[in-house]
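Reading the sequence shown from the start, the letters are residues 1 to 545 in this note's numbering.
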Amino acid sequence: MAQFQDVLKQSGLHPKPAGLVLQYGTAGFRTNAKLLDHIMFRMGLLATLRSKKTKATIGLMVTASHNPEEDNGVKLVDPMGEMVTPAWEGYATQLANAEQEELLAALKDVIEKEAINMSQEADVFVGKDTRSSSVSLSKAALDGVSALGGHSKDYGLVTTPQLHYMVCCQNTQGKYGEATEEGYYKKFSQAFIQLTKNASNCTDDQKHLSVDGANGIGALKVREIESHLKKELHISLFNDGSTGKLNHQCGADFVKVQQNPPTGMKMNSGERCCSFDGDADRIVYYYTDSERQFHLLDGDKIATLISTFLKELLTQAALDLEIAVVQTAYANGSSTNYLEDTMKVVVRCTKTGVKHLHHAAQEFDIGVYFEANGHGTVLFSKAAEEKIQQLAEDSNTNDERKRASLLLQNTINVINQTVGDAISDMLLIEAILAIKGMTIQQWDAIYRDLPSRQLKVKVSDRRVIDTADAERRAVSPAGLQEAIDSLVKKYSRARSFVRPSGTEDVVRVYAEADTQENADSLAHEVSLAVYRLAGGVGEEPKPLH
Ligand code: 16G
Ligand code: MG
């Protein structure tokens, strides 16, 4: 077939280094940019097949998120803006690792297994982050799409959540919004402005926010949306990419892991600040107090703020809708206790990785999902959206219910339901704080985090660790969970778990306890157990103090 001739010819221009093996990880392929040209071409092919299969537009985003500038990666986006399904992740790995002469056979295998009608039209939306390697890598992806006769639209520089939004808009024929950057800014900024009309006496201080753009794509895009916000939010932007290096000592991941402010940011004590990650799908907030002590408000605090706000509105609107919060094992124990015991909301725990949380959140009327690292959003079921809309349009309802239903409607519109979105989450958080007249200190005081520590252990093969119960228990190697259990018993309010990383060749260890010292020594002792029972390599883990 002529189609495959083109694939053959083009793939010769994007050859695979022989023997190189890469995995479609938790969120796509991610490694040094020099190794990715053939991967991009092949993902262009795969996105085209996925589009033919689903008869819908598929997204392909070139980014390595919070990784160093030298790395790059690719994420595929399914028709409603979700991540691709596990079966297709498998195909991605299969295509990526086929040696040059096996590529056609691997491609035909997917076509056969999925019974793809090759005469079906295909459309792929492509976006990229600000890495210098993204320019040629996105071209390779576009080559892949055209090699299989697919149509592509190159959105150029966009955040990951912007591309998810475009795909969803396109496949809902504009019901979710207009599939342009202007459409994105309009949709979210208008909802934000409507929400902030409910904030009385908002001072200039309350309207001010310092943003760390991680020297990445989020910085460019926050500048663009700011002009649509009608001065309801005053942003001081730092790490805007004009001088600093992407993600270098800045950005959401750095701030969360180091528990320190980013470099390059001017912070006055008590001032509200936030950091995006390199592709603007994560956000964390923070401030320093008058003693220069740093306070982090992570994804758990964000989920608590948002779910409290939504629960209050549901009560005011007298709407009987179930709200749930979805977390991972990394959620601070205090947040889970607060949500379950004080707020009385349903809490679910899933495996790490956005697709798992997203999936679990879809089971509820309103599902608020956040990873502690700041990746998350809120999903509203169709039925919930309809109930809210009916109430907002009902002329017989009282003022309080009406006001609450309108607020809920605008809250739905300010949220990017396709995926966690730093810009949209920021607007929602800013609106909630303004409406409640709440300072960042008051938000922080909702509950107090338990001290925690995360460590990494190098082992010869991290796959020897198998977990169950949403990664909270290790089922292999033998004896590891028993060892963890007996270590945890030595401390008060303690919890610990281990899991193989999906993005790095390490085992991650998490521990929390009543004091920082205890969390640190529990994390160290558990690291030692992993080292001894799961084939540690290199030096034995040393105590932290
Ligand atoms: C990826 C995931 C993130 C998760 C992280 C865990 C997405 C979009 N991103 O970055 O949600 O927290 O992996 O990394 O799903 P780890 O497996 O190395 O701990
Ligand atoms: Mg990211």
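Backbone N, C-alpha and C define an ideal beta-carbon position, used for all residues, glycine too.
On a predicted model such as this, the values are computed, not experimentally measured, just so you know.
I need the straight-line Cα distance from residue i to residue j, nearest angstrom please.
i	j	result
K387	G216	39 Å
N410	L46	37 Å
R495	S334	11 Å
T31	D129	15 Å
E121	R50	11 Å
D514	R493	6 Å
V615	G174	Residue 615 lies beyond the range of the chain shown here (1 to 545); nothing can be said about it.
L163	S65	14 Å
S395	Q389	12 Å
E312	F188	22 Å
A511	V345	25 Å
G437	S200	8 Å
S501	A474	14 Å
D289	S269	5 Å
I225	D425	13 Å
Y447	L533	36 Å
K207	K542	46 Å
A318	L310	12 Å
D281	F29	17 Å
Y24	K231	42 Å
L544	I484	18 Å
L427	V459	42 Å
H356	G44	25 Å
Q249	D71	16 Å
N221	N332	The identity of residue 221 in the sequence shown is Lys, whereas the question assumes Asn. Approximately 31 Å, taken between the alpha carbons.
E181	G376	21 Å
W88	L95	10 Å
D444	R499	29 Å
V368	M343	14 Å
T352	Y491	25 Å
S275	L296	11 Å
Confirm, please, whether the CB-CB distance from residue j to residue i is below 9 Å.
i	j	result
E363	G299	no
P68	N260	no
R131	A33	yes
L137	V7	no
I435	I306	no
S527	L450	no
T159	I423	yes
A404	Q316	yes
E112	K53	no
V74	I39	yes
T304	Y338	yes
L480	A523	no
V509	G374	no
T350	Q327	yes
A27	M80	no
A392	L379	no
Q3	G149	yes
K266	H228	no
V506	V457	yes
L407	I366	no
D461	G535	yes
A179	F41	no
A324	R348	yes
A18	E102	no
E430	L157	no
Q516	R453	yes
E525	F497	no
Starting from residue i, follow its DSSP beta bridges and name the residues at the other end.
i	result
N72	T31
V510	A small fix is needed here, since residue 510 is Tyr in this sequence, not Val. Y510 pairs with Q454 and F497.
K301	None, per the DSSP bridge assignment.
K139	Paired residue(s): none; K139 is not in a bridge.
F276	I283
M61	K75 and G127
C349	Q327
M83	V77
A468	R473
T26	G28
* Asked: Is there contact here, the stretch 252 to 266 with the stretch 389 to 403, by at least three beta-carbon pairs under 8 Å?
  -> no
* **Stretch-stretch touch, CB-based, cutoff 8 Å, three pairs: the stretch 111 to 125 with the stretch 56 to 64** => yes
* To do: Taking 8 Å as the threshold, find out whether the stretch 261 to 271 comes into contact with the stretch 138 to 147 through three or more Cβ pairs.
  => no
* To do: Report yes or no: do three or more beta-carbon pairs, one from the stretch 151 to 171 and one from the stretch 411 to 421, lie closer than 8 Å?
  => yes
* Asked: When the Cβ atoms of the stretch 107 to 117 are set against those of the stretch 195 to 206, are three or more pairs found closer than 8 Å?
  -> no
* Asked: Do three or more CB pairs link the stretch 226 to 239 to the stretch 197 to 214 at distances below 8 Å?
  -> yes
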